[in-house]
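First up is the structure itself, then whatever we jot down about it.
Protein chains: 2
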Amino acid sequence: MRPAPERRRELLEVAAEVFAAQGYDATTVRRIADAAGLLAGSLYYHFDSKESMLDEILSGFLDDLWSRYDAVLAAGLGPRETLEALVTASFREIDRHRAAVAIYQKESGQLRDQPRFGYLAEAQLRLERAWLRTLESGAASGDFRTDLDVRLTYRFVRDTVWVAASWYRPGGRHSPEETARQYLSMVLDGVALRDRHRRTNKE
Amino acid sequence: MRPAPERRRELLEVAAEVFAAQGYDATTVRRIADAAGLLAGSLYYHFDSKESMLDEILSGFLDDLWSRYDAVLAAGLGPRETLEALVTASFREIDRHRAAVAIYQKESGQLRDQPRFGYLAEAQLRLERAWLRTLESGAASGDFRTDLDVRLTYRFVRDTVWVAASWYRPGGRHSPEETARQYLSMVLDGVALRDRHRRTNKE
DNA sequence: CTCCTTCCCTAACAAGTGTTTGGTAGGTTA
DNA sequence: TAACCTACCAAACACTTGTTAGGGAAGGAG
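Laid out in structure tokens, this is it:
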């Protein structure tokens with residue numbers, strides 16, 4: 000009597016990988032079964048629909064993400080440190096849930112209208128609020144520039160981070176922490192050369 | 000005897016809009032027909048397959064994009080001016096071909112393996128080369144920082160620009176030129192406050 | 001041994017898919 | 001007038017889709 004949840008997680012990982020590579024709608028349930036080494040109908044012993052698999056993948060990822068974000072936001076750091084911590088946490092999440100993040104990026108737009116996936120819209124709103132608060136308090140405290148549209152800045156930071164899931168490969172040249180450091184350096188200081196940059200790359 | 004190509008372009012625009020909103024695979028040919036005000040079978044008088052529509056949309060967009068990029072690259076500008084011109088051209092392209100760009104972003108990954116869409120892979124390669132050359136010569140000339148991984152910088156710039164297609168709406172608050180200016184300001188100088196930024200926002 | 005549970009297979013289902021075929025209303029040309 | 005072309009409709013086609021029902025092999029429990 001093996002522990003069932005293990006097999007379940009195995010299958011979900013396979014499904015996530017295929018969803019991320021082919022897109023949710025383009026992925027047939029038979030293809031997931033092929034990749035997992037069983038037949039299409041057998042998947043329905045573990046899950047009650049293709050949509051349930053997607054649901055479980057996405058909500059699992061979001062739960063994980065929020066537990067990390069909430070920890071950062073509750074730490075009471077300064078705006079700049081909060082931004083750094085959020086970005087770093089995001090890249091760690093991409094490292095762990097690469098497929099789920101890619102799916103979220105691709106399909107979230109068309110899914111959030113569906114009642115079952117309403118939590119995607121809520122999550123996006125919570126995310127936006129958290130980021131806007133951080134950016135605004137950073138502008139007030141003198142950490143960030145004040146001549147930029149805050150909402151534009153938010154989208155800029157958000158997108159630059161999360162699109163990375165489309166090309167990032169775990170175990171590649173850069174660790175999530177190093178990728179985060181370089182991204183933060185670009186987002187905060189820009190790519191143009193200024194006198195400081197010669198050796199100010201704070202470690 | 001009205002000019003046929005006009006109707007053709009009309010239908011392609013409708014199709015592009017639906018593809019962008021729902022995703023290519025999730026879009027049924029009947030839904031396109033609905034949105035265009037005719038029946039599914041009638042589409043096959045104008046196009047010989049659903050795939051052909053997608054092909055025409057994407058290659059049309061890429062042709063347009065390259066004609067603009069080539070003009071910029073042939074102008075012999077300095078690295079920083081080239082980067083600024085490329086980014087501005089990109090946002091103008093997003094303004095004109097928003098739906099096509101969104102489709103390209105979403106589906107290009109799964110399409111480029113298909114022989115018919117091989118030109119997508121070629122285009123991506125040409126784009127990467129053009130950008131890398133610009134970034135490298137900018138690092139050599141002292142315009143850009145040298146302590147960043149060039150390929151990472153490339154992906155950073157590329158992504159930040161093109162993802163904008165997922166939220167940008169023509170006729171919104173910001174014109175493509177103004178959006179480009181703000182993005183360039185963030186990419187080049189960063190979002191962190193430095194002494195200069197109080198009033199150095201050139202113009 | 002028998003019973004039961006877990007996990008999978010075989011085989012089929014109804015619904016929806018992209019596409020084709022034949023026809024036709026209405027305008028243009030001769 | 002008749003012949004023709006454009007742009008569409010109506011109806012069906014073969015196929016794929018997600019999903020279900022019934023059965024069976026393997027192994028632990030009594």
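Protein chains in written order, with numbering that gives the first Met the number 0: chain A, 0 to 202; chain B, 0 to 202. C-beta: ideal position from N, C-alpha, C; glycine also.
query	result
Excluding the 5 residues flanking B/Arg-1 on each side, which residues of the same chain have their C-beta closer than 8 Å to its C-beta?	Reliability of the predicted coordinates at B/Arg-1 is poor, the pLDDT of 44 falling under 50, and the value obtained from them is presented with this limitation in mind. Excluding positions up to five away in sequence, the list is empty.
Going by beta carbon distance, what residues of the same chain come within less than 6 Å of A/Leu-61, once the five residues before and after it are set aside?	Ala-122
Determine the direct distance from the alpha carbon of A/Lys-105 to that of B/Ser-136, and round the result to whole angstroms.	34 Å
9 Å is my cut-off, CB to CB: does B/Lys-105 come that close to chain A?	yes
For B/Gly-22 versus A/Gly-117, is the C-beta spacing smaller than 9 Å?	no
Report the neighbours of B/Gly-263 on chain A: residues whose CB is nearer than 9 Å to its CB, in chain order.	No statement about residue 263 of chain B is possible, as the shown extent of chain B runs from 0 to 202 and does not include it.
Run down chain B in chain order and give the residues with a C-beta less than 7 Å from the C-beta of A/Gly-22.	Gly-22, Asp-24 and Gln-109
Return no unless some Cβ of chain B is closer than 9 Å to the Cβ of A/Arg-125.	no
Compare the C-beta of B/Asp-158 with all C-beta atoms of chain A and state if any pair is closer than 9 Å.	yes
Taking buried to mean at least 16 other C-beta atoms within 10 Å of its own C-beta, is B/Asp-69 buried or exposed?	exposed
Under 8 Å, with one C-beta from each stretch per pair, do the stretch 31 to 51 of chain A and the stretch 4 to 13 of chain A reach the 3-pair mark?	yes
For A/His-173, which residues of its own chain have a beta-carbon under 8 Å away from its beta-carbon, when the five flanking residues on both sides are left out?	Gln-181
Is the shortest distance between the beta-carbon of B/Val-162 and the beta-carbons of chain A less than 9 Å?	yes
Between B/Phe-18 and B/Tyr-167, what straight-line distance do the alpha-carbon atoms span, to the nearest angstrom?	16 Å
Going by DSSP in three states, B/Ala-191 sits in which element: helix, strand or coil?	strand
Taking B/Phe-155 as the query, report the chain A residues whose CB atoms sit under 8 Å from its CB, ordered along the chain.	Thr-159, Tyr-182, Met-185 and Val-190
Please say whether A/Phe-155 and A/Pro-78 have beta carbons closer to each other than 9 Å?	no
Looking at the structure shown, is B/Phe-143 part of a helix, part of a strand, or coil, going by DSSP?	strand
Does the CB of A/Thr-81 have a neighbour CB from chain B at under 9 Å?	no
Checking 9 Å against the spacing of the C-beta atoms, do B/Ala-101 and B/Ser-165 come in under that value?	yes
Could you check which residue in B/Ser-66, B/Ala-179 and B/Arg-150 has the C-alpha nearest to that of B/Arg-91?	B/Ala-179
Which first and last residues belong to the alpha helix (DSSP H) in which A/Gly-40 is found?	Premise fails: A/Gly-40 is in no alpha helix (DSSP H) and is neither H nor E.
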